[in-house]
Every structure is written in structure tokens, then in C-alpha cells.
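Have a look at this one:
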């Protein structure tokens, strides 16, 4: 995902099939300087994202042509970008699945427009900080036989297998790789000072990364849990 310059409005695709809600979302974001584009079907969004990758997509799950979860999956496979799920479904299973597929956050309808704007800002700030912290001209990290390509959002396993990453997975892995052998709190990994104690999004993403790194969650060797403190990436990392 290519982030806009700080002085350039972020482009947000709004996937919502209810016109009144779409107008509310776009008006709320436009008031704060974001550039919005409304799409009403999943296929429209996926087609548009292939032409121009947005900075963030707000995706409703209940769509007329396909399930929103499938949109998230195909979007992250073809045009990775930040994703905020906005839906009437208030099921924990849906929330976890959305995060598993690479979504960055999840808001349930009815929603407060100011909270929506705050969540969008938070997600984009997180990506800006991760991009700003990347070593200049050094986007490839090597560790324990693995290779991470931050520019391509991909992992190469020691046996040569290519493993794709969503934007949120790549951002989280980059944060861990930049500060190996140091305990990082959930707040640090989210890039925010205040984190809801019941927000388990980082834990879900850590679990997803462990599976992709073949890191046994019962006895992890790479991403270790430091109970009550956070997570630690236990490996030597070289950037090039």
C-alpha cells in the first residue's frame, strides 16, 4: 500500500449498499478532509481497487452480490490496503474472522460518525508511523532462514515457499522485526496510547502471523508472549 503524503488527502473507498448510510459516511469523512468514493457492490469495489489502490476501504458485510468477508479476502490478495469493517453483524465470530482475513478494525452499526472518523485516523496513523520507521532503502529483512519483503508484503520460507501477507499482517511483522528481542506492548504494536483492555485485535493478528511463520502457538520460538507485558520477536534480524 502506498500511503499519501501527509499534506495529501487520503483516498477512502466506501463499500455500502444502503445509500443513506453511504452518504452519512462520505459526508462525515469529507468534513475532515478525506477523499471518498462510494461503491455499492463488492465486484465494483474489487474492480475499482485494481485500477487505483485506496489508502483505506470501509466495507459493509451485508452486500447484494457477495459476502463482505469474501471482499476483504480478495482485496487483500489482489490490492492490499487498510480495511475497516462496518456492519450490522455483532457476532464475535464475524469480528475475529474479519481480523483473521486482514481487516484492521471493526465497527458495528449503528455507529457514531465521530468514532468512525477517529478509527479511520487511527488506522492511517498506524500505517504512516510504520512507513516512516522503515529503514531508508532497506525493505527486506532476513531472520531464522526467512525473508520478509516489506514492499511486496510477502514472506519466503526457508524451503522457498512464497507466503502472502495482508497489509495489517505485514505492518505488524515489520514492527516486530524493527525491534527484535525487545518486549513490545499491545499499545506499541497498535501504534496508539489508549487501547481498550478487551480489544484482542493484536492477539488475533499475532496468532495469524505465527501460523504463517510455522511458529507453534503452544511453544512459539519466534514470536514469544510475555504475559502481562506484550510480545517479543526472538531472532536476529538483518535488513537490506
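Numbering (this note's numbering), first residue to last: 115 to 354. Backbone N, C-alpha and C define an ideal beta-carbon position, used for all residues, glycine too.
message = Distance check for residue 334 and residue 311, CA to CA, integer angstroms please.
response = Position 197 of the chain shown, counted from the first residue, corresponds to residue 311. Position 220 of the chain shown, counted from the first residue, corresponds to residue 334. Note that residue 311 scores 46 on pLDDT, short of 50, meaning its location in the model is unreliable; the coordinates nonetheless yield the value given after this. Spanning the two alpha carbons is a distance of roughly 24 Å.
query = DSSP three-state call for residue 267: helix, strand or coil?
reply = Counting from 1 along the chain shown, the entry for residue 267 is found at position 153. In this structure, residue 267 counts as coil in the three-state DSSP scheme.
Distance between residue 354 and residue 250 (C-alpha atoms, nearest Å) = Here residue 250 is taken as the residue at index 136 of the chain shown, counted from 1. Here residue 354 is taken as the residue at index 240 of the chain shown, counted from 1. Reliability fails at residue 250, whose pLDDT of 48 lies under 50, so the model's placement of it is uncertain and no value is given.
key: residue 363 to residue 133 span [Cα, whole Å]   = For residue 363 there is no data in the structure shown, the boundaries of the chain being 115 and 354.
request  = Could you check what DSSP says for residue 255 in three-state terms: helix, strand or coil?
outcome  = Here residue 255 refers to the residue found at position 141 of the chain shown. Here residue 255 carries a strand assignment [DSSP, helix/strand/coil].
request  = Keeping to the same chain, check which residues put their C-beta closer than 8 Å to that of residue 281; ignore five residues upstream and five downstream.
outcome  = In the chain shown, residue 281 corresponds to position 167, counting from 1. 115, 190, 194, 195, 196, 197, 216, 218, 241 and 267, listed in sequence order.
query = Is DSSP giving residue 195 helix, strand or coil here?
reply = Along the chain shown, one-based indexing puts residue 195 at 81. Residue 195 falls in the coil class under three-state DSSP.
ask   = Taking C-alpha atoms, which residue in 170, 347, 125 and 342 lies nearest to residue 147?
value = Position 33 of the chain shown holds residue 147. The option with the nearest alpha carbon to residue 147 is 125.
key: Cβ neighbour criterion (16 or more within 10 Å) applied to residue 201   = As a position in the chain shown, residue 201 is number 87, starting the count at 1. The Cβ neighbour count for residue 201, taken over all protein chains shown within 10 Å, is at least 16; the residue is labelled buried.
request  = Could you check what DSSP says for residue 166 in three-state terms: helix, strand or coil?
outcome  = Sequence index remark: in the chain shown, residue 166 carries index 52 (1-based). Correct three-state label for residue 166: coil.
request  = Please go through the same chain and pick out, in chain order, the residues whose beta-carbon is closer than 6 Å to the beta-carbon of residue 158, but skip the five residues on each side of it.
outcome  = Stepping through the chain shown from its first residue, residue 158 is reached at position 44. There are no such residues.
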